[in-house]
Each structure stands twice: as structure tokens, then as C-alpha cells.
Amino acid sequence: MELVTMVTINRCGIYKVRFRIHQELRNYFNKNEVNKSLNTKDIAEAKSKAAIILGKYEQILKVCKVLDKSQIQELVDKYIKETLEQDLIDRAVKGQGTVFCDVGFDVYNNTLALASADMAETLKGDYAQDLSNNNYRLIEETLDELLDKNSIEVDKTSNDYKLLSYYMMLAQIQILDEASKRGRGEIHTPPEVISNRLFYSQKHINKPQPKEEVNEKKITTNKEALDSYIKFYKAKCDENNTSKEQYEGVVTFLKEVFLELISPSGDVAETTLEDIIEIREILKNLPKRNIQKYRDMSISELIDAEADEADIISNRTLAKYMKWIKSCYAYYNSIGLIQTNPLQLIATTSGTNALDERLPLEHKEIEQLLTLTKDDKVTNNLIKVFYTSGMRLSELYKCSLKEIDGVKVYDLTDRSISLKTKSSYRLIPIHRSIDVSLLKELPTQDGFSKRVNELIRSHISDDKRKVLYSLRHSFATDLKNNRIDPNVISELMGHSHQTMTLQRYASSYDVHILKEAIETLSI
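Written out as C-alpha cells, the structure reads:
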């Protein structure tokens, strides 16, 4: 339908726009057509407003095939609220989250595309992820329309077609990035400039871009690149329901540690493999920031600190840091900020997990630890808690105590608390040896951990792999030796296992079965 056929005038001389909703979207709109007053008697203004309304509607229609139902409903609800229920011209002028994008080369079939900042950011993430996997499904239809409109014949199996697909994806990502920034009131490169810079014309499919464009030197700093990645990572975390604790851990490391090591104002495109190797060497000698004396130190102070070997980060933590950095550069590569990922040749796995880096305390060592703390009832009781529950230290301070079907439990099912993974939300029966009344007032996490580790180091073992966390390892080892079902052990420890479904992270076992497993531990 031509736009002009959908703009009509009522008896009072006020223009309105009317169009039928595609059948794929009718259930989300809960109606069959849009019939919207444009609040103007001027035909030019009416057409502009109608173009905005139609443009944003067509964007939703284009992306609905790659979104799930909840995402589509969210976009439709936002469209109804921000587009059909408000004066968009005023909103656009005031920069309240909407923006016109004339993307050029008929990317949106000669219509004005109105993109909200949030929508643009979400779509950018989808395009970037597909581009990193050499998947061009999102632009196939648009690219074919573009080629057909300009009477260009290109073999779809040829390198020319792949090259055009790559540049089309790259253009979409950068246009969406500009739309997101403009929607938040920032001023950046007009979208048509991006299109002209990225697209080859019919006569230059196999030729490089014009000299004047190549010579235009515009760098992206490491800080700008990281800011872009963090927005992408936030959208990804929201989509995957990543815990707030994990998100903040990644972002804090990247902004407070890595960015300082790589230089915020440096050109991201000039980062080399040697730079990354040098950073890794610095990281592997850093002390743990969760230790009190290092907590408030800057990155430069941490580098200069003469840390004890026991205070240095583990191989597993180093591997985790490198994995986070590698993800950054994979993103930079996918959106064209860098030509290659300098971390491609660097392994980001330690080959070990947290339990492998700790040795369990043997039963006689646990008894020795309890003897050392017999006059400190709170500490003595907590040592029993960690051995008989397998909880992480932080989990004890986040759980609540409840009784379910006659069984007292540590309740970690409240989704308002932040835990390590989805499977960490669980119930753990309380062992018969625990004095629940002593759990009402707990010492500080750091103070308790430090006290127990000092006792172990001074009286039990000088092996740095034996620490408070070793009690979690002892818990798993002893349950395994007691021939408890591995899935039950995983359930109690907060690890994912084969009896879990994608939608269910509550207990997969009756609380009485979990209680029986816990009570096989003797102390």
C-alpha cells in the first residue's frame, strides 16, 4: 500500500492514518487495524507523522520472526504507548527516546525508520551475534530487494555476495548503534553517512572505497569500545537472566582493572597480541581484591604490592579474566572495530575448576578444627554448617531458615537474592548437629574466613589448597564416598544436573530425600 492511500481526512478537516495490522501481529495488538488521529490539518505534517507511525510498525513486523512472543509483546506495548498514544513529533524534537533514521540505499524500502533507543540496542545485539557467527539471515531479504531494485545480478554462492552480506550486516549494526545513541539525545554521525561509507555502488562492487573516505582517520578509543561492549553485554545478560552478581563482577573487572591496563584513550584497533600477553602476565601476579588489605587499592597499587603467594589470584580466576577480555574483542571484531581478535591464539581455560584448586579437609582434620574452636561456639557451629551443607560462604549470609514438610532447611530459593548461577537457587536440609539458635548472629564474612584459614594454616596444614572453601570439597567427597546419587549431590551443591529442565531450577528432589543424604555425614 502506498502511504498516501492510508492518510484520510475526517469531517472536521483533521487527518488520520489507518492501516490493517498483519495477521502475525494481531494477537499482540488485540485488534485488526490501526486508526490514529494525526492532530493536524496540514497534509505535509500529516504524511510525516504517518510515516513515523508506519515506519516503526514495519520495523516490528520485520523483526518479529526472530523474536520470541514475550519480546514481540514488549515491542508492541512500547509501540502503542510511545507511538500511538503520544505526539511523536514533539518527542523526537525533545530527544525523548525516538529518532528518525534515513538509512540510505533503500535499506528500509524508502520509508523513514523510527527506532527507540532500547529497541535499537536490542537489535544491534542480535545483528552482532549473528555476524560473529557468519550468519547473514537477518539481511538476506533486504539485500535481495536492494540488488533487484538496482538490477544487479550477483551469484549467491560467490564471494561478492558474501562481501555484500558482510557490509550490509555491518551497516545495520552501526546504524542501530547510531540510532541508540541519538535516541538518548547524543549527536553522532548521520546514518546516511554510514551507509555511503560502507556500501559499494553498483559500479564498485569489487573495488575499494574512495580514497577520501579511506584517508579519513577516526579512531575508537578503548573506553568507547568497552562502553559499547558493556551495553551489548547488559542486553545479553538480561536476555539470559544472568545474575546481577555475575554481571557486576564482569563489568567491574573490565572497567576498573582491564581498561586501566590497556589505556582508556588508546586506539582499540592498535591492540596487539603482545599487548594482551603483557596484560595477562600482570594479571597473573595480582593479589585477590576480596582480601581486606587489597580491597581499596587502585590497579597501579595492586601491581606494585608485594603480595604473598597465597594471596595471588588462582589459575581459574586468571582464566576467567582472560575469557571476559576475549569476549570483548570478539564483539569488537564482529562490529568492525578491529580486523582480527588478538586473543584468538590465547587459551582462556585453566583446565581446572574451583574444587580442583582446593584439597578437601580429611575427616580427622575437620575434627581437629572443631577441637581448636570448641570454646568459640559460633565459629565451631559454622564449621559444622559448611561441612554439612556444602554452601559457599556468601550463600550462608543470603539464605533464610525455614521448615518444609517437617524438615528444617537453609532456603536459597528467593529470586530477589543474587546467587552465582540459576541452579544455585535451592533448598539444603539442616544437619542434626547444627545449633540453629547460633545462626541468628553471624560474624563478618571476611573475619570468619580469615580466622578459619589462619587456624588451618597454623595448626593443620601449610598446603595453601586447604582453606575454608575446602569444607565444600569435603562435603562433595564424603557424600560421594557414601554412595549418594551424583544428581542429588549436584542438587545440594547448586550445580546443574541432568534432572533439571530449562524452565525449572527449584529442587528436583523431595526435601526428605535431600535430608537423608545430608544425614549420612557424621561429625
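If you read the sequence shown in our numbering, its first letter stands for residue 1485, the second for the next number, and so on.
Virtual Cβ for every residue (Gly too), placed ideally from N, Cα, C.
Asp-1930: not part of any beta strand (DSSP E); member of the alpha helix (DSSP H) spanning 1929-1939, first to last residue. By the Cβ criterion, the stretch 1855-1866 is not in contact with the stretch 1900-1915, since fewer than three pairs of Cβ atoms, one from each stretch, lie closer than 8 Å. Straight-line spacing of the CA atoms in Pro-1771 and Ala-1791 works out to 6 Å. For the pair of segments examined, the stretch 1886-1896 was found not to touch the stretch 1810-1827: the number of CB pairs separated by less than 8 Å stays below three. Residue range 1891-1895 is occupied by the beta strand (DSSP E) that includes Lys-1892. Bridge pairing for Thr-1492: Lys-1500 [DSSP]. Here Ile-1888 carries a strand assignment [DSSP, helix/strand/coil]. Nearest in C-alpha terms to Ile-1997, of all of Gly-1978, Ile-1968, Met-1977, Asp-1919, is Ile-1968.
In this chain, Ile-1564 is not harboured by any alpha helix (DSSP H), its DSSP state being neither H nor E.
Just measuring C-alpha positions, the residue of Thr-1492, Gly-1874, Glu-1846 sitting nearest Asp-1947 is Glu-1846. Rounded to whole angstroms, the gap between the alpha carbons of Tyr-1611 and Val-1547 is 11 Å.
In this structure Gly-1978 is buried. Its beta-carbon is surrounded by 16 or more other beta-carbon atoms within 10 angstroms. Residue range 1954-1965 is occupied by the alpha helix (DSSP H) that includes Ser-1954. In the DSSP assignment, Val-1734 falls within the unbroken alpha helix (DSSP H) covering 1728-1737. Contact between Lys-1999 and Val-1891 is confirmed by a C-beta separation of about 5 Å, below the 8 Å threshold. Closest in C-alpha terms to Pro-1844, from the list Val-1951, Arg-1502, Gln-1557, comes Val-1951. Cα atoms of Ile-1760 and Met-1806: separation of roughly 9 Å, rounded to the nearest angstrom.
DSSP, read as helix, strand or coil, puts Thr-1626 in helix. Classified as exposed, Ala-1528 has fewer than 16 neighbouring CB atoms from the shown chains inside 10 Å of its CB. For Met-1652, same chain residues with a beta-carbon under 6 Å away, outside a window of 5 residues either side, are Ile-1623, Leu-1627 in chain order. A Cβ-Cβ separation of about 4 Å places Tyr-1499 in contact with Ala-1530 under the 8 Å criterion. Boundaries for Val-1518: no alpha helix (DSSP H) harbours it, while the beta strand (DSSP E) harbouring it runs 1517-1521, taken from the DSSP string. With fewer than 16 other beta carbons inside 10 angstroms of its own, Asp-1722 counts as exposed. Annotation note: the stretch 1741-1777 contains the following uninterrupted alpha helix (DSSP H) runs of length 4 or greater, listed N- to C-terminal: 1743-1746, 1757-1767. Measuring C-alpha to C-alpha distances from Lys-1702 to each of Arg-1956, Glu-1754, Ser-1747 identifies Glu-1754 as the nearest.
If you ignore the 5 residues before and after Glu-1708, its C-beta comes within less than 8 Å of the C-beta of Val-1752, all in its own chain and listed in chain order.
For the options Ile-1775, Pro-1748, Ser-1749, Glu-1785, the alpha carbon positioned closest to that of Ile-1766 is the one of Glu-1785.
A check of alpha carbon separations from Asp-1526 across Leu-1710, Lys-1608, Thr-1492, Asn-1966 identifies Thr-1492 as the nearest. Within a 10 Å sphere around the beta-carbon of Leu-1545 sit fewer than 16 other beta-carbons, which makes this residue exposed.
If you look at Ile-1901, you'll find it isn't in any alpha helix (DSSP H); DSSP assigns it neither H nor E. In chain order, Ser-1749 place their CB closer than 6 Å to the CB of Thr-1705, counting only its own chain and leaving out the 5 sequence neighbours on each side. DSSP lists Asp-1751 as the beta-bridge partner residues of Thr-1705.
For Gly-1539 and Lys-1608, the gap between their C-alpha atoms comes out near 18 Å. Closest in C-alpha terms to Lys-1886, from the list Lys-1868, Arg-1910, Ile-1867, Glu-1793, comes Arg-1910. Note on geometry: alpha-carbon atoms of Gln-1929 and Asn-1725 lie some 27 Å from one another. The beta carbons of Leu-1743 and Leu-1710 sit about 6 Å from each other, so the pair counts as a contact at 8 Å.
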